[in-house]
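What follows is a short report on a single structure.
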Amino acid sequence: MSKLVIIGGGGAGLTAALTAKKTNRKVDVTIITERELSYSACALPFVISGEIGKLEDIYESMELICSKSNIGCIIDAATSVDTGKKIVKTAKNGSFSYDSLIIATGGMPAKPPVKGVNLENIFTLCSVEDARSIMEKVDNSKNAVVIGGGAIGIEAAVALVDLGLSVTLIEGFDHVLCRFFDPEYLEIIEDRLKEKKVELVLGHFVEEIVGEKEVVSVKVAGKEIPADLIIMATGVRPNSKIAEDAGIETLKCGIKTDWLMQTSIKDVYAAGDCAYSKSMITGKLMLSQLGTTAVRHGTVVGMNAVGETVAFEGVLGSMALKIFDFEVGRTGLTESDAKVEGIDVVSGRVKHTTKAKYYPGHKEIDMKLIFNIVDRRIIGGQVIGGETVAKEVDLLALAIAQQATIEDLIGLGYSYTPPLAPSHNIVVLAAENAHRKIMRLEKMRKKKC
Ligand SMILES: Cc1cc2nc3c(=O)[nH]c(=O)nc-3n(C[C@H](O)[C@H](O)[C@H](O)COP(=O)(O)OP(=O)(O)OC[C@H]3O[C@@H](n4cnc5c(N)ncnc54)[C@H](O)[C@@H]3O)c2cc1C
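The opening residue of the sequence shown carries number 19 in my numbering; numbering runs sequentially from there.
In C-alpha cells form, the structure reads like this:
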C-alpha cells in the first residue's frame with residue numbers, strides 16, 4: 019500500500035489528509051503533528067471578544083477527526099526528513115517511511131527585535147494557548163497596546179475594545195492594512211477605528227517596551243503609552259526550517275513550489291503558510307498566508323500526492339475583515355500594486371446601498387474596481403460597507419479568475435428584490451463608472467490625433 023506522510027495538522031495538512039483519503043481510499047495516510055487539537059486560528063479574536071461563547075467551541079481532538087477518516091495521527095514533532103531514503107524522524111524517536119510527503123508546517127509569529135520584547139504579559143495571537151493567556155490577563159487589565167496594523171492586529175484591537183479596554187494600535191507604516199487597500203479606503207478604515215476609540219499611532223516603530231518583570235508601557239513616537247498587556251501582531255514567519263535542513267529549495271520567506279505545489283524534490287509537496295504560492299495575476303511567487311489559501315493548497319497537494327495531476331491556479335489575496343459594525347474586503351491588485359507592476363489601470367468607484375434604499379435596515383457600501391486599461395480585464399477590487407462585503411469580494415475574485423472585462427461586468431445578470439438587493443447592482447455601477455472614464459480617455463486621445 020502506498021504511504022503518504024503529512025507533517026502538520028493545521029488547515030493545510032488536515033485538508034490534504036482528508037482529500038487524499040477521498041481521492042484514493044487505498045493510500046495509507048499519516049499526519050504527524052505537534053498539536054493535539056484541531057482548530058482555526060481565525061476564530062481566536064472572536065473567542066477573546068466573547069462573540070464565540072467559549073474556547074472549547076472552536077476545537078476538536080485531532081486524533082478523533084483522524085480516526086473517523088481512517089487517517090493515522092501521530093502527536094509528535096517531526097525533526098528531520100531524509101529525502102533520499104524517504105524517511106521522516108520525530109522528536110519521540112519515531113521513524114516514518116513515505117512514498118509521498120506533504121510539508122504543512124504553517125508559520126511562527128514573528129516578534130520584532132525590540133528591547134523588552136520578552137517581558138511578561140506580551141502575547142502573540144496564533145494558538146488556543148495564546149488566546150487563553152490573553153483572556154486570563156484581560157480580566158485585570160485597563161490599557162492594552164496592539165503592535166501591528168494588519169488584519170490580525172485590527173481584529174485583536176476590536177476584541178479588546180469590545181471588552182472595555184483602552185486600546186492603542188501601533189503601526190510602523192503610515193497606514194493600517196496598507197498592503198491591502200488604496201489610500202482613499204485606508205483613511206475611511208482608520209476613521210472607523212478612531213470613532214470606536216482605538217488610539218492609532220501610525221508611521222512609527224516601537225522603540226522600547228518598558229517594565230521590569232511585567233510590561234508597564236511602550237515607548238513610541240516620543241510618547242510612553244501605558245500597557246497592562248501587549249498583543250504582538252507583527253507577522254507570521256513561514257516554518258520552513260525542516261525543509262531547508264532536508265535540502266529542499268526555500269526562498270527568503272518559505273518553501274518554493276511549482277504549479278503542482280511540489281517542492282524542488284520529487285514526491286515532496288508543501289502547503290499552507292510555510293509555502294509560496296503563485297499570484298494569479300502577475301504569475302510571481304508570493305506568500306498568501308490565509309486560511310483560504312491553506313485549504314486550497316491542501317486540496318491540491320492531497321490529490322497530487324496520491325497520483326492526480328491538479329494545477330494550483332494561484333492566489334488573489336482575497337480577504338474580508340469585520341471592524342466593529344463595518345466590513346472591509348479586497349481581492350487582486352490595488353491601484354498602488356498595479357503601479358508597482360507597471361500595469362496602466364482605470365478604476366471605477368461607486369457608493370450604493372445593500373438593499374433598496376427605501377427598504378428599512380439597508381446599509382451603505384462602497385466599491386472600487388480596477389481594470390487593466392489595455393485589455394479592460396478586471397485585476398482588482400476593494401469593498402467597504404455595512405454588510406455583504408465578503409460575498410461581493412468573492413464575486414470579484416471569480417471575475418478576476420475568469421478574466422472578465424468591463425463589458426462582461428456591465429452585463430452581469432444579477433438578482434433584485436428590495437429586502438435583499440437594490441435594483442441597480444453595485445458591480446455593474448462601478449464597471450459603468452470605469453467604462454465612462456475609458457470613453458472619455460479615448461475621446462481625448464482621438465481629439466489629440
Ligand atoms: C488570529 C488569526 C486570525 C486569522 N484570520 C484569518 C481569516 O479570517 N481568514 C483567513 O483566510 N485566514 C486567517 N488567518 C490565517 C490562517 O489561520 C492561516 O493562514 C492558516 O491557519 C494556515 O494554515 P496552515 O495549515 O498552513 O498552518 P497552521 O494552521 O499553523 O498549522 C501548522 C501545524 O503544523 C504543526 N507543525 C509545525 N511544525 C511541525 C513539526 N516539525 N512537526 C509536527 N508538526 C508541526 C503546528 O503545530 C501546526 O499545528 C488567521 C490567522 C490568525 C493567527
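The beta carbon of each residue, even a glycine, is placed where N, CA and C say it ideally should be.
First through last residue of the alpha helix (DSSP H) which encompasses residue i
i	result
residue 163	Per DSSP, residue 163 belongs to no alpha helix (DSSP H); it is in the beta strand (DSSP E), 161-165.
residue 454	444-466
residue 83	80-86
residue 32	29-41
residue 311	309-322
residue 105	First-last for residue 105: 105-108, but that is the beta strand (DSSP E), not the alpha helix (DSSP H).
residue 353	353-359
residue 424	424-428
residue 65	62-66
residue 211	201-213
residue 178	169-180
residue 146	146-156
Terminal residues of the beta strand (DSSP E) in which residue i lies
i	result
residue 119	118-121
residue 287	286-288
residue 348	344-350
residue 98	96-100
residue 255	254-256
residue 229	226-229
residue 238	233-238
residue 391	Premise fails: residue 391 is in no beta strand (DSSP E) and is neither H nor E.
residue 21	21-25
residue 410	It is not in any beta strand (DSSP E) - residue 410 instead sits in the alpha helix (DSSP H) that spans 407-419.
residue 341	337-341
residue 114	113-115
residue 244	241-244
residue 331	Per DSSP, residue 331 belongs to no beta strand (DSSP E) and is neither H nor E.
residue 217	216-220
residue 188	184-189
Supposed contact pair residue j and residue i - C-beta distance, whole angstroms, cut 8 Å
i	j	result
residue 308	residue 279	Contact flag wrong, Cβ pair sits at about 15 Å.
residue 492	residue 139	Here the chain comprises residues numbered 19 to 467, so residue 492 is not present and cannot be evaluated.
residue 90	residue 49	7 Å
residue 372	residue 386	16 Å between Cβ atoms; not a contact.
residue 334	residue 303	Going by Cβ atoms, the distance from residue 334 to residue 303 rounds to 15 Å, so no, they are not a contact pair.
residue 315	residue 356	The pair is not a contact, with the Cβ atoms about 26 Å apart (cut-off 8 Å).
residue 421	residue 395	5 Å
residue 297	residue 240	Not a contact, Cβ separation roughly 39 Å.
residue 172	residue 66	Rounded, the Cβ-Cβ distance is 13 Å, inconsistent with contact.
residue 254	residue 130	With 8 Å as the limit, residue 254 and residue 130 do not qualify as a contact, their Cβ atoms being about 13 Å apart.
residue 123	residue 257	4 Å
residue 58	residue 31	With a Cβ gap of about 13 Å, residue 58 and residue 31 do not count as contacting.
Per DSSP, the bridge partner or partners of residue i
i	result
residue 369	384
residue 402	346, 384
residue 90	48
residue 126	255
residue 268	273
residue 304	295
residue 140	248
residue 374	Residue 374 is not bridged to any residue.
residue 53	The partner list for residue 53 (beta bridge, DSSP) is empty, contrary to what the question assumes.
residue 396	389
residue 133	226
residue 435	439
Taking contact to mean at least 3 C-beta pairs separated by less than 8 Å, is the segment 448-461 in contact with the segment 420-432?
-> yes
Would you call the segment 113-125 and the segment 70-85 in contact, with 3 or more CB pairs under 8 Å?
-> The segment 113-125 makes no contact with the segment 70-85; the number of CB pairs closer than 8 Å stays below 3.
Does the segment 80-88 come close enough to the segment 50-57 that 3 or more CB-CB pairs lie under 8 Å?
-> yes
Are three or more beta carbon pairs between the segment 184-198 and the segment 207-223 nearer than 8 Å?
-> yes
Kindly confirm or deny that the segment 25-36 and the segment 87-105 touch, where touching means at least three C-beta pairs closer than 8 Å.
-> yes
Hey, is the segment 151-167 in contact with the segment 248-263, meaning 3+ C-beta pairs nearer than 8 Å?
-> Result yes; three or more Cβ-Cβ pairs closer than 8 Å.
Does the count of Cβ pairs from the segment 60-70 and the segment 140-150 closer than 8 Å reach three?
-> yes
Inter-stretch contact (C-beta, 8 Å, three-pair minimum) for the segment 348-355 and the segment 195-208 = yes
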